[in-house]
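2 protein chains.
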Amino acid sequence: MSEPFQGHTPGLLADRPSRALDLEEFRSNGHLLVDWIADYLKDLGERPVCEPTAPGDVRAQLPRRAPEQPEPFSEVLSDLEQVIVPALAHWQHPGWFAYFPAMSSPASVLGELAAAGLGVQGMMWSSSPALTELEAHVLDWLVDLMGLPQGWKTSAAGGGTLTSGASSSTHIAMVAARETCRGRTGAPIEQMVAYTSGQSHSSVEKGARIAGFGHIRLLDTDHDFAVKPGALNSAICQDRRLGLTPASVISALGTTGTTAVDPIAHMGDIATRERLWHHVDAAYAGSAMICEEFRHHLAGVELADSYTFNPHKWLATNLDCSVLWVADRKPLIDAMSIEPPYLRNSASDSGQVIDYRNWGVSLGRPFRALKLWFVLRDHGAEGLRQLIRNHRTWAEDLSTRIDNHSSLTLIAPTTFALVSFAHVDGDAATRALAQTINDSGRFFVTVSESDTGAYIRIAIGSTWTSRRHIDSLWRFIEANALQTAETPTRERH
Amino acid sequence: MSEPFQGHTPGLLADRPSRALDLEEFRSNGHLLVDWIADYLKDLGERPVCEPTAPGDVRAQLPRRAPEQPEPFSEVLSDLEQVIVPALAHWQHPGWFAYFPAMSSPASVLGELAAAGLGVQGMMWSSSPALTELEAHVLDWLVDLMGLPQGWKTSAAGGGTLTSGASSSTHIAMVAARETCRGRTGAPIEQMVAYTSGQSHSSVEKGARIAGFGHIRLLDTDHDFAVKPGALNSAICQDRRLGLTPASVISALGTTGTTAVDPIAHMGDIATRERLWHHVDAAYAGSAMICEEFRHHLAGVELADSYTFNPHKWLATNLDCSVLWVADRKPLIDAMSIEPPYLRNSASDSGQVIDYRNWGVSLGRPFRALKLWFVLRDHGAEGLRQLIRNHRTWAEDLSTRIDNHSSLTLIAPTTFALVSFAHVDGDAATRALAQTINDSGRFFVTVSESDTGAYIRIAIGSTWTSRRHIDSLWRFIEANALQTAETPTRERH
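So the sequences go chain by chain: A and B. Per this note's numbering, residue 1 is the first one in the first sequence, and the count goes up by one each step. Per this note's numbering, residue 1001 is the first one in the second sequence, and the count goes up by one each step.
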């Protein structure tokens, strides 16, 4: 921290009860914190991506009891720097390639700050009209920007809502699917079946399980990790023979393991014929639809009942910010509505407004649309396309290099900006290579497993990553892939 | 806005792809935004609490399409001021008395800013150790600060987790209750019954319904709006006779309508005897437990399985921030765990760490604990007690004045800082008085309904409210209560 944070001065508002920060202290400490964040992000590449930390290290540095008296804010911010930051995995580091990115941007951080400063709550239109209208409007913008079905707009029969993540979005979709199935068939939840890829994200199985589905079928996938044509149909036939009630299909537009794209149109056709709720999970890859060249993957989404993607993954917007669109808002609202008297108001009664509390589990809702609006305007659609296209180009280049390396092998196509590969010497060599990469402190990657064994995932998507970071990463991999191949036993663990 | 926000200057990082804000622009615009927030909060009392807005007003001012090219950030912030703010209900206004408060504070806003700047994600301990450890630690602090059972600490068998709101917390508790009941009885979800007060918050019925409970019994309440002793027992007996499976009891420590406190110990005894999951909803009133004089209401919580309260309601912490404590974390984790290979890591495998993704629906989790930590340190426990006690004192004073007024009548005891009252001339006069108060633009209150009719809720809890605002409110009520009583017909609507 370049200069000390300011301590307490006599309160501006004499009748405020405590010695907490007043607005003038907020101002001065806010400026310092903004500078501190800028410095943190500027210098982040110099830190290890994941700080070396053992379980309990942070708690050991924190007092056993909360303070009874106010502490100077300078001490809070000093502890932020000295206790918290040295025990983080730095998701905004330019060498972050793990999981999927949790992208951020200066405009998004300022959007979070503005939302926090306003401190409004969007459970209903009337509880802060601009919050609801901006949310609906920005999500309608995205329908156009991403070439999605026009019917998904709030101005048509559908609409979008912002949730805390794809896990929430998918869970909400599963509850709507369950209630739709119940209304149509009267089947008990325990007999309902949800179908998804064996490669789908854990949140799909979790969302269906939490919604109470009695059965979740993980469908077989092909060598590209997409659902095998025919797998869905035969699973449904088998379940019908068992007397079960097929209720929902979840197809992946970009799996977590390898960004595989399921045959969405094919699965949607079956869902339509069988009258199942069809949810599309595009949590990561959905952001790429802002670029026209990726939209062939959308074929068939016009038949989907719901669709989720996370601007907080790959659209420069801070966590948490997930979009759930529905083709028809009525079954969603039917599944989620409760009308107590203290929430009654004339705007809601008029039916002219959206009350987003009826679109999900949460009642209290923060102003998430603000950061998304800031990001869309600060970057422009063209700026966001450029971000995605850069990541895609760098991922393709890295894939080519890996493909040309004798010790490395791609285990899946590089469809978006995730590169999935393994060491030809097998799991131990693959894991050892990943460990060497992560131990460098310069990069952080994830290891996953497929039927054919362990593999390394490199997800390119940090706001601060540039081509030179990819080049450095490649030089590091190249240097260590050979070494690993020569000494597999030593590296085994 | 006192000075214009800065536009774009040549990017600091030449290889960044778009013309979006760079870090130096983040710095300068961040300073301006901090000042803008300070000015907004300082002058907020001069604005109407709820800006007069009609459905569609905001959307009509927004372009039909998202911008293709980056826009100057100054325009974004100018629109924030000119399009968004004039269409908000200002929850931080000193005259805000509606619903329950969504409290904020300068330290909390800075905590949100710091969390956004760091941009880390806490799905597991290893995905940012400090995030998880601070969350566990601060929630353990609160157990001590609030006189809650020691077993709820993460250092014992229980533990706390931060969620997006009481709706989420209660829903999570209901899923754990369902799975516990299923494991013990094998009963289908459709036969399971949840019991709660007819006065409990809509999120309880909603959470149980979303979790799939087949039956939700709303128990009779007494003249103080608390569950009648005997009501739970007889409902359970009746359901057992019907062959149903009682599964969970939700008691309210402070209902939304009137802050009634259910007989928690009595309901907990029955839940223990009948082996039902007992969840306590203290969403609003839980914050008061930081003051010893309110803790007699906690009698019986030592038998609860789970407990939720929202620091974002009455503990100076920004939405969203809800605490869910469980007495035993095992059934919660059993209900919420899924272990895909890409989330495997040695820290989790060791069992030495908390992976909060297994404590709720969400996988991706923001750094919510940071703002709570900032607030606890900036105020100190004593500062927070003083906030709560001031609100409580002002609410008592207001209650006394209302009680002494010939045209007004309290409809429930003022147990915390919510005052619930009606006009003696009946619903029309009550509604007219509320309308007059809200039309003033100086105050905002909510109207609700009980069995005996409409009533006005005045929830004191804005950070910026002081005694003089309560005095003004009372003078306004006093002046208009008589007038309303004299002319009930004219005011009817």
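The C-beta atom is built at its ideal place from N, Cα and C for all residues, glycine as well. Keep in mind it's a predicted model, so treat the numbers as computed, not measured.
Contacts of residue i in chain B (Cβ-Cβ under 9 Å)
| i | result |
| --- | --- |
| E25(A) | P1106 |
Amino acids of chain A, ordered along the chain, whose beta-carbon sits closer than 9 Å to that of residue i
| i | result |
| --- | --- |
| Y1040(B) | G117 and L118 |
Under the three-state DSSP convention, the category residue i falls into
| i | result |
| --- | --- |
| E1339(B) | coil |
| Y356(A) | helix |
| C181(A) | helix |
| W91(A) | coil |
| W394(A) | helix |
| H1496(B) | The question about residue 1496(B) has no answer here: the residues shown for chain B are numbered 1001 through 1493. |
| S1168(B) | helix |
| R457(A) | strand |
Whole-angstrom distance between residue j and residue i, CA atom to CA atom
| i | j | result |
| --- | --- | --- |
| R47(A) | L88(A) | 11 Å |
| A1226(B) | N1404(B) | 25 Å |
| N29(A) | R1377(B) | 15 Å |
| P311(A) | R1401(B) | 51 Å |
| W1314(B) | S1169(B) | 17 Å |
| Y1356(B) | E1135(B) | 9 Å |
| L1370(B) | P1331(B) | 27 Å |
| L1080(B) | S1440(B) | 25 Å |
| T1255(B) | T163(A) | 26 Å |
| F26(A) | D1144(B) | 29 Å |
| E1133(B) | G1380(B) | 20 Å |
| C1291(B) | S1203(B) | 26 Å |
| P1229(B) | A1265(B) | 11 Å |
| G1214(B) | A116(A) | 39 Å |
| T393(A) | A417(A) | 8 Å |
| P1263(B) | G1198(B) | 14 Å |
| R295(A) | Q82(A) | 46 Å |
| L1033(B) | D1320(B) | 21 Å |
| S234(A) | G268(A) | 15 Å |
| V1353(B) | I1333(B) | 13 Å |
Neighbourhood of residue i by C-beta, 7 Å cutoff - its chain only, sequence neighbours within 5 removed
| i | result |
| --- | --- |
| G276(A) | In the sequence under discussion, the amino acid at residue 276(A) is Leu, which differs from the Gly named in the question. Cβ neighbours of L276(A) beyond the five flanking positions: P246, A247, S248 and V249. |
| S1399(B) | L1410, T1414 and V1419 |
| A1231(B) | L1219 and D1220 |
| I1338(B) | none |
| Y1099(B) | T1446 and A1459 |
| Q61(A) | V83 |
| M1336(B) | N1358, W1359 and G1360 |
Cβ shell of residue i (< 6 Å), same chain only, five flanking positions each side left out
| i | result |
| --- | --- |
| W1091(B) | A1102 |
| V1138(B) | A1369, L1372 and W1373 |
| R490(A) | Because the pLDDT at R490(A) is just 38, under 50, the model does not fix this residue reliably, and the value given afterwards should be weighed accordingly. Result list for R490(A): empty, nothing under 6 Å. |
| E112(A) | N318 and K371 |
| T9(A) | With a pLDDT of 35 at T9(A), under the threshold of 50, the predicted position of this residue should be treated as unreliable, though the coordinate-derived value follows. Closer than 6 Å at Cβ, skipping near neighbours: no residue. |
Beta-carbon neighbours of residue i, restricted to chain B and to distances below 8 Å
| i | result |
| --- | --- |
| W359(A) | The premise fails here: W359(A) is roughly 12 Å from chain B at the closest Cβ pair, so nothing lies under 8 Å. |
| P188(A) | P1188, I1189 and E1190 |
| H423(A) | Under the 8 Å cutoff, chain B gives no residues; its nearest Cβ is about 17 Å from H423(A). |
Chain A residues whose Cβ lies nearer than 7 Å to that of residue i
| i | result |
| --- | --- |
| H1137(B) | R59 and L62 |
| Q1121(B) | W91, A102 and L319 |
| Q1352(B) | P55 |
| K1206(B) | I338 |
| H1296(B) | Simply none; closest approach about 22 Å. |
Within chain B, the residues that residue i reaches when beta carbons sit closer than 7 Å
| i | result |
| --- | --- |
| V34(A) | R1027, G1030, H1031 and V1034 |
| N233(A) | Here the premise fails: no neighbours, minimum Cβ distance about 26 Å. |
| H279(A) | What H279(A) touches in chain B: nothing, since even the nearest Cβ is about 16 Å away. |
| I210(A) | V1175 and V1361 |
Under 8 Å from the C-beta of residue i: neighbouring residues of chain A
| i | result |
| --- | --- |
| R1047(B) | Residues of chain A passing the Cβ test: none, with the nearest at roughly 12 Å. |
| E1071(B) | R377, D378 and G380 |
Contact set for residue i: own chain, Cβ-Cβ below 8 Å, skip 5 residues either direction
| i | result |
| --- | --- |
| A1187(B) | C1181, T1245 and A1247 |
| E1478(B) | R1401 and H1405 |
| W1152(B) | V1143, G1158, G1159, G1160, Y1307, W1325, V1326 and A1327 |
| N1345(B) | M1124 and S1126 |
| L1303(B) | A1265, G1268, D1269, A1271, T1272 and H1278 |
Secondary structure, beta strand (DSSP E): runs of 3+ residues fully inside the stretch 103-163 of chain A:
Runs found: 159-163.
Ignoring anything shorter than 4 residues or poking outside the stretch 209-274 of chain A, list the alpha helix (DSSP H) runs there in chain order. 231-241 and 264-274
- Ignoring anything shorter than 3 residues or poking outside the stretch 1385-1451 of chain B, list the beta strand (DSSP E) runs there in chain order. 1408-1410, 1418-1423 and 1446-1450
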